[in-house]
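Asker:
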Amino acid sequence: MKRALLSLSSLVFLCTAFAQLGGNSSYLVTELPSSARVSALGGKFISVWDDDIDLAYLNPALLDSTDAGQVSLNYGSLFAGSANAFASYGVHKPGLATFAATLQYLGYGDFSQRDEFNTDLGTFNASEFVLTFGAGRQIDSLFRVGANVKFIQSQLETYTSSAAAIDLAGTYRSKNKDFMMALVFRNMGYALTTYTEGQREKLPFAIDLGLTKRLSKSPLRLTMTFADLQKWDLSYIDPAEIGRIDPLTGEEIPLEEADVAEKILLHIHGGMEFLLGENFHLRLGYDFRRRNELRINDSPGGSGLSWGLGLKLSKFRLSYGRVIYNQAGVTNHLGLALRLSDFRKANG
0 MKRALLSLSS LVFLCTAFAQ LGGNSSYLVT ELPSSARVSA LGGKFISVWD DDIDLAYLNP
60 ALLDSTDAGQ VSLNYGSLFA GSANAFASYG VHKPGLATFA ATLQYLGYGD FSQRDEFNTD
120 LGTFNASEFV LTFGAGRQID SLFRVGANVK FIQSQLETYT SSAAAIDLAG TYRSKNKDFM
180 MALVFRNMGY ALTTYTEGQR EKLPFAIDLG LTKRLSKSPL RLTMTFADLQ KWDLSYIDPA
240 EIGRIDPLTG EEIPLEEADV AEKILLHIHG GMEFLLGENF HLRLGYDFRR RNELRINDSP
300 GGSGLSWGLG LKLSKFRLSY GRVIYNQAGV TNHLGLALRL SDFRKANG
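Anchor point for the sequence shown: position 93 equals 92 in numbering that gives the first Met the number 0, and the numbering is continuous, going up by one each time.
And the structure:
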């Protein structure tokens, strides 16, 4: 156990030291939660080793034989007519690995197109999709490894861009199965084609570390994910605040910088699952960074919070997630999963 923690920690800090910092990236479609369950649990959920194929999109090392024959469909209603959808399927090859294919589609809706004279030229749309092939393999009773290969296509009006990327992941689960840890390197890749000539877009490379603990003799499972470890300082400074002059003193107003505690919190996504039997789960999540960046200062409300539930009905597994960005907007997510072998048995 101590050796596993030391190895994973060393790898995180090594990659953090050499990660490229600063600048903006494209293809942020890959950062969206992969399911209603993930949405409900804070948006980053990579360290629970169970039979949910949706988790493999964020951590392919979680793929195992229990994912074989699973079909999963997820839909998220976002903002201003935009929507996000996932479809996944798993296959297990004994002695080799467990494989999964996932198709993600993000539609931004229709937009009014006008020229510089405000002439109505009709409408246009924008969309992105990600095709992912993942594989997970067990090393021994405690460790699993996995990888995703992604092809990303983006179309914004007449501008198109594409990219290829890989994810690498490792997962540890204790002998008594009450503690899990995962490390994922996401979106290591390269833009194949660009929106405009000579401007190659970056991918949103990230390093995530997840820890999960099931409390002894309790239905509560706690998860903490440290996201975006490739960059220490995730705090945001409003450009409008730079160089402001105090009208009374005539001196420049110093910027309020984040302290060490806040910089740590900006990496944390928390989640709790109440496992009330095999057929009903309650979920609660919190994203400190989302609250810090999107809350309305005078009235933050529930910004950063998320919640949901999981329900198993006969051969179907249903999930719901609700994410609060601020008082002006929330998103709703629905998920449906089933196992094809259950229907074959029933027909047989």
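All C-beta atoms, glycine included, are put in the ideal place defined by N, C-alpha and C.
Quick check: residue 227 and residue 262, are their CB atoms within less than 8 Å of each other?
Answerer: Contact flag unset, no.
Asker: For residue 288, count the other beta carbons within 10 Å of its own beta carbon; 16 or more makes it buried, fewer makes it exposed. Which is it?
Answerer: It counts as buried.
Asker: Which residues mark the beginning and the end of the beta strand (DSSP E) in which residue 291 is found?
Answerer: Premise fails: residue 291 lies in the alpha helix (DSSP H), 287 to 293, not in any beta strand (DSSP E).
Asker: Kindly provide the ranges of any alpha helix (DSSP H) runs that are 4 or more residues long and lie completely inside the region 15 to 62, ordered along the chain.
Answerer: Counting whole runs of 4 or more residues, the region 15 to 62 contains the alpha helix (DSSP H) stretches 35 to 39.
Asker: For the alpha helix (DSSP H) holding residue 261, just list the boundary residues, first then last.
Answerer: It spans 259 to 264 - the alpha helix (DSSP H) in which residue 261 sits, taken as one unbroken run.
Asker: Round the Cβ separation of residue 244 and residue 251 to the nearest angstrom and send it over; I've been treating them as touching at under 8 Å.
Answerer: Residue 244 to residue 251, Cβ: 6 Å. Contact.
Asker: Does the separation of the CB atoms of residue 222 and residue 276 fall below 8 Å?
Answerer: For residue 222 and residue 276, no; Cβs fall outside 8 Å.
Asker: Shortest alpha-carbon distance to residue 274 belongs to which of 81, 333, 154, 216?
Answerer: Taking only the C-alpha atoms, the option nearest residue 274 is 216.
Asker: Determine the contact status of residue 60 and residue 169, defining contact as a CB-CB distance below 8 Å.
Answerer: Yes, these two residues count as a Cβ contact at 8 Å.
Asker: Closest to residue 325 by CA distance: which of 218, 332, 302 is it?
Answerer: Of 218, 332, 302, the residue nearest in Cα terms is 302.
Asker: Which residues bound the beta strand (DSSP E) around residue 127?
Answerer: That run of the beta strand (DSSP E) goes 119 to 137.
Asker: Beta carbon of residue 103, beta carbon of residue 37: below 8 Å?
Answerer: Cβ atoms of residue 103 and residue 37: not closer than 8 Å.
Asker: Can you find the residues in the same chain that come closer than 8 Å, C-beta to C-beta, to residue 114, ignoring five residues on each side of it along the sequence?
Answerer: Only 120 meet the Cβ criterion.
Asker: Tell me the DSSP bridge mates of residue 270?
Answerer: Partner(s): 222, 284.
Asker: Using the Cβ count rule (16 or more neighbours within 10 Å means buried), how would you classify residue 259?
Answerer: Answer is exposed; the Cβ neighbour count stays below 16.
Asker: To the nearest angstrom, how far is the alpha carbon of residue 294 from that of residue 323?
Answerer: Using only the alpha carbons, I get a separation of about 10 Å.
Asker: Reducing DSSP to helix, strand and coil, say where residue 140 ends up.
Answerer: Coil at residue 140, not helix or strand.
Asker: According to DSSP, residue 296 sits in a beta bridge with which residue or residues?
Answerer: Note: residue 296 sits in no beta bridge, so no partner.
Asker: What are the residues that DSSP puts in a beta bridge with residue 147?
Answerer: For residue 147, which the question treats as bridged, DSSP gives the partners 133, 166.
Asker: Assign residue 57 to one of two classes, buried (16 or more other C-beta atoms within 10 Å of its C-beta) or exposed (fewer than that).
Answerer: By the 10 Å Cβ count, residue 57 comes out buried.
Asker: Quick check on DSSP: helix, strand or coil for residue 316?
Answerer: Residue state, collapsed to three classes: strand.
Asker: Taking the straight line between their C-alpha atoms, what separation do you get for residue 64 and residue 181?
Answerer: The straight-line gap from Cα to Cα measures roughly 19 Å.
Asker: Which residues does DSSP pair with residue 110 in a beta bridge?
Answerer: Answer is 123, bridged to residue 110.
Asker: Could you give the C-beta distance for residue 172 and residue 207, rounded to a whole number, given that I count them as a contact under 8 Å?
Answerer: Between residue 207 and residue 172 the Cβ distance is about 17 Å, and since that is not below 8 Å, they are no contact.
Asker: Reducing DSSP to helix, strand and coil, say where residue 4 ends up.
Answerer: Note on residue 4: pLDDT 40, under 50, position unreliable in the model; no value is reported.
Asker: Is the separation between the beta-carbon of residue 108 and that of residue 83 shorter than 8 Å?
Answerer: Not a contact, by the Cβ cut-off of 8 Å.
Asker: Helix or strand or just coil, what does DSSP make of residue 335?
Answerer: The answer is strand: DSSP assigns residue 335 an E or B state.
Asker: May I ask you to list the residues that DSSP assigns as paired with residue 73?
Answerer: For residue 73, which the question treats as bridged, DSSP gives the partners 85, 334.
Asker: When you compare only the Cα positions, how much space is there between residue 365 and residue 101?
Answerer: The question about residue 365 has no answer, for the chain in this structure spans 0 to 347.
Asker: Roughly how many angstroms separate the alpha carbons of residue 201 and residue 192, rounded to a whole number?
Answerer: C-alpha separation (whole angstroms): 12 Å.
Asker: Applying the criterion that 16 or more other CB atoms from any shown protein chain within 10 Å of the CB defines a buried residue, is residue 21 buried or exposed?
Answerer: Residue confidence is low: residue 21 scores 42 on pLDDT, short of 50, so the model does not pin down where it sits. No coordinate-derived value is stated.
Asker: Which residue's Cα is closest to the Cα of residue 72: 317, 154, 265?
Answerer: The shortest C-alpha separation from residue 72 is found at 317.
Asker: Measure the Cβ-Cβ separation of residue 190 and residue 162 and say whether it is below 8 Å.
Answerer: Yes, these two residues count as a Cβ contact at 8 Å.
Asker: Within a Cβ cutoff of 7 Å, which residues of the same chain sit near residue 138, ignoring the five residues on either side of it in sequence?
Answerer: Excluding sequence neighbours, residue 138 sits near 144.
Asker: Could you give the distance in angstroms between the alpha-carbon of residue 272 and the alpha-carbon of residue 111?
Answerer: Rounded to whole angstroms, residue 272 to residue 111 spans 43 Å at the Cα level.
Asker: Whole angstroms are fine: how far does the CA of residue 122 sit from the CA of residue 50?
Answerer: C-alpha separation (whole angstroms): 43 Å.
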